[in-house]
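Take a look at the structure below.
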Amino acid sequence: MVFTPPPFEVPASEIGQVFGLAYDDGKREETTAIVPNLYAAATSLHGLQIVTEDEDEDGRPERQRRGEAGARFMDGQFGEKNGGGPGSIWRIDGITGAVTLFANIDTNSGPGIGNIAFDRSHRQFFASDLDSGLIHRIDIDGNLIDTFDHGVDGRPARGLDPVADDGAVMDIQGAAFDAEEPKSWGYTQEERSVHGLAMHGGRLYYSVGEEAEIWSVGIARDGTFAGDPRWELTVEADEDLPVTDIAFDTRGFMYLAQRGEVENRYDYSSFADSGEASVLRYWRESPDDPETESIWVPAPQEYAVGFPEPYRQGAGGIDLQYGYDAEGFFNRNACTATLVKTGDRLRDNPALEDQLIEGGPLAVHGVQLTRSTLVRPKNEPPFGSWFADYDGFSEDPEVKGHVGDVEVWRPCEGRAGYYEPIPYPGDIPVPGWPPGFPPPNDLPPCIELETAAYFCTPAGLEADLYIHDRAGIGGDSLSAKSLTPGVGVSPSKQTVPSLATPFTLGINGHIPGETVDLGLCFYKQSDAEAGGYFPCCKVTLPLETPLESCAP
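Under my numbering, the residues of the sequence shown are numbered 465 to 1016, in order.
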């Protein structure tokens, strides 16, 4: 048990109930100091409370279970006194603590926002709308730009019928509304309901539905949706529950956090079912198994969350932070070595009480920190983890769903995907590596590396290279070799259907963090098949590998 200093708090009276969290990049016009702002998104995942005007003259509005004429949301539900609503995103200044309304999706009738994610490359946000199913794109100033509709534009990419929003809305003044029945709250259909979001390698990953699937869509050079939705995997877990948060580490592992079904007990005791939500880890197949539809392994690893069996006390929030050295200090060379998970009743197991009580209170609702390598059956039960209560009181062992998302600020975040210029561009009309390469630096670049995304696989490090064809040669193929002694890359040649698909290179023999020089030739496969000389854009690309090793 870790006893933390009193936290900085923003009361519900100011911003209402929130779930999704995100930091920006900390860049400010008024100072060179990098201090991030925190963003928090309105939600119904912590219940919905409605009231009508005071009738018994006790000075308080009358709380209602069912929809009724004149009903409104209870103060503290959505921060109405500060202009908020169910589609609000709040900004909390990282220096002053000042709270301001950042953005407002005013078409949201009450279900709120599933989660939010920040895109560092384009300095913009994404927010999943539980009312409509849309993913909203929002600029750094809080302006809503456009949307992506998974139900209409995503599903057909896998041969599924499009599903448009049914138009259902939350009507708290209608007789059909029941505060204790989430099915009456106006959520969009499960087939198009988007929850968790995460940026990785130039793509926005998102989760869909309770029988959760993970999809992704590319983000173009100008920050717009690229229109190339891709099914990634169908979540394999003991229970079909929504994945409310997604995270990637610097090695390309994908982490998923489930949250129990929404509840809204009238006594405020439970806002989500508890004890069945898993925290999972996926990684890419290497080599890709042609017998499986996904490029990800079919069966994920799982983490033990909380001491109550079956160790699935997750509350739907997840992130990664630095590892720790032997003395308990941050190891800044291990950027994402610790997994941070939110959960309920994390230390409450009567059968283990004698062992647990020495470490602190049992009724802990908050976060559990675990080395990312400790997948089940390791750390089961999780005696190798640290725990912290979200409010420091360690009371009320029976409450559920009071904890939501978690977000960690770590400046090294984003190593897995970044923009990098090609230093030695040129258009060489013959294959091979000509004398005098590279060409002069004043030539315009013929190709540019938009994004490099790294993944650890059983075979070692893989890098996804997203190429921009600046010269317009229409290339679809890449020849690659290592120019760094002792380092190998494979395959030597590959072709992709379009440049929306990355070129994937396996890298071996390097030291973590080493810059590996790649010799690349970008060309059209049809030109090569024609025989003889063919146009080829040749560059030397210095690729900075992640600091963390892919060794088990």
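Every residue gets a Cβ at the ideal spot worked out from N, C-alpha and C, and that includes glycine. All figures in this text were calculated on a predicted structure; none of them were measured in a lab.
Assign residue i to one of three DSSP states: helix, strand, or coil.
i       : result
Ala880  : With a pLDDT of only 33 at Ala880, under the threshold of 50, the placement of this residue in the model should not be trusted; the figure read from the coordinates follows. Looking at Ala880 - three-state DSSP - the assignment turns out to be coil, as it is neither helix nor strand.
Glu993  : helix
Ser738  : coil
Thr614  : Correcting the residue type first, residue 614 is His in the shown sequence and not Thr. The answer is helix: DSSP assigns His614 an H, G or I state.
Asp818  : helix
Ser703  : First, the residue type needs correcting, since residue 703 is Glu and not Ser in the sequence shown. Glu703 falls in the coil class under three-state DSSP.
Pro845  : coil
Gly823  : helix
Glu517  : coil
Lys945  : strand
Arg656  : helix
Pro620  : helix
Pro1006 : strand
Glu532  : coil
Lys545  : helix
Ser758  : coil
Ile498  : coil
Ala504  : strand
Glu912  : strand
Ala567  : strand
Ser671  : strand
Glu478  : helix
Lys988  : coil
Ser648  : helix
Asn795  : strand
Leu598  : strand
Within 10 angstroms of the Cβ of residue i, are there 16 or more other Cβ atoms? Answer buried if so, exposed if not.
i      : result
Gly896 : Confidence is the limiting factor: at Gly896 the pLDDT is only 39, short of 50, which leaves the residue's position unreliable, though a coordinate-based value still follows. Gly896 comes out exposed.
Val894 : With a pLDDT of only 36 at Val894, under 50, the local geometry of the prediction cannot be trusted, and no value is derived from it.
Ile602 : buried
Ala779 : buried
Pro500 : buried
Arg723 : buried
Ile821 : exposed
Asn795 : exposed
Arg667 : buried
Gly890 : Below a pLDDT of 50, predicted positions are generally treated as unreliable, and Gly890, at 38, falls in that range; no measurement from the model is reported.
Gly830 : buried
Tyr997 : exposed
Ser592 : buried
Asn607 : exposed
Thr708 : buried
Phe467 : exposed
Phe566 : buried
Gly995 : exposed
Thr652 : buried
Once the 5 residues before and after residue i are set aside, which same chain residues still bring their CB inside 7 Å of it?
i      : result
His974 : Val951, Val980, Thr1009
Glu844 : Ala768, Tyr775
Asn797 : Leu1011
Gly682 : Gly666, Arg667, Ala690, Asp692, Ala964
Asn568 : Gly549, Gly551, Ser552
Thr959 : Asp940, Ser941, Gln989
Arg524 : Asp518
My assumption, with CB atoms under 8 Å, is that residue i sits in contact with residue j. Please give the rounded CB distance.
i      : j      : result
Glu749 : Val761 : 6 Å
Asp808 : Gly865 : 7 Å
Gly631 : Ser573 : Gly631 to Ser573, Cβ: 10 Å. No contact.
Gln528 : His510 : Incorrect: roughly 18 Å between the Cβ atoms, too far for contact.
Gly787 : Gln777 : Not a contact, Cβ separation roughly 23 Å.
Lys988 : Asp933 : Between Asp933 and Lys988 the Cβ distance is about 10 Å, and since that is not below 8 Å, they are no contact.
So, for residue i: in the same chain, excluding its five sequence neighbours on each side, which residues have a beta-carbon less than 6 Å away from its beta-carbon?
i      : result
Gly484 : Ala505, Ile577, Asn579, Ile580, Asp869
Thr800 : Asp713, Thr714, Leu784
Gly848 : Leu838
His586 : Gly687
Met663 : Ala581, Asp583
Trp695 : Arg622, Trp679
Glu978 : Thr1009
Ser648 : Ala640, Phe641, Asp642
Please return the same chain residues whose Cβ sits closer than 8 Å to the Cβ of residue i, not counting the five positions on each side in sequence.
i      : result
Pro825 : Met465, Arg811, Asp853, Ser858
Phe472 : Gly561
Arg685 : Glu914, His932
Compute every distance between the C-beta of residue i and the non-hydrogen atoms of the ligand COA, then say whether any falls below 7 Å.
i      : result
Gln832 : Ligands displayed in this structure: none; no statement on the ligand COA is therefore possible.
Worksheet item: Can at least three beta-carbon pairs, one atom from the stretch 495-507 and one from the stretch 612-625, be found at a separation below 8 Å?
Response: no
Worksheet item: Counting Cβ pairs closer than 8 Å, one from the stretch 672-683 and one from the stretch 639-659, do we hit at least three?
Response: yes
Worksheet entry | Inter-stretch contact at 8 Å, needing at least 3 Cβ pairs: the stretch 616-633 / the stretch 540-548 | no
Fill in: the stretch 855-866 touching the stretch 722-736, judged by at least three CB pairs closer than 8 Å
yes
Practice prompt. Please determine if the stretch 478-493 and the stretch 741-748 are in contact, where contact requires at least 3 C-beta pairs separated by less than 8 Å.
Written response: no
Fill in: Sufficient close CB pairs (3 or more, under 8 Å) joining the stretch 964-972 to the stretch 926-946
yes
Worksheet item: Does the pairing of the stretch 632-648 with the stretch 555-566 give three or more beta-carbon distances under 8 Å?
Response: no
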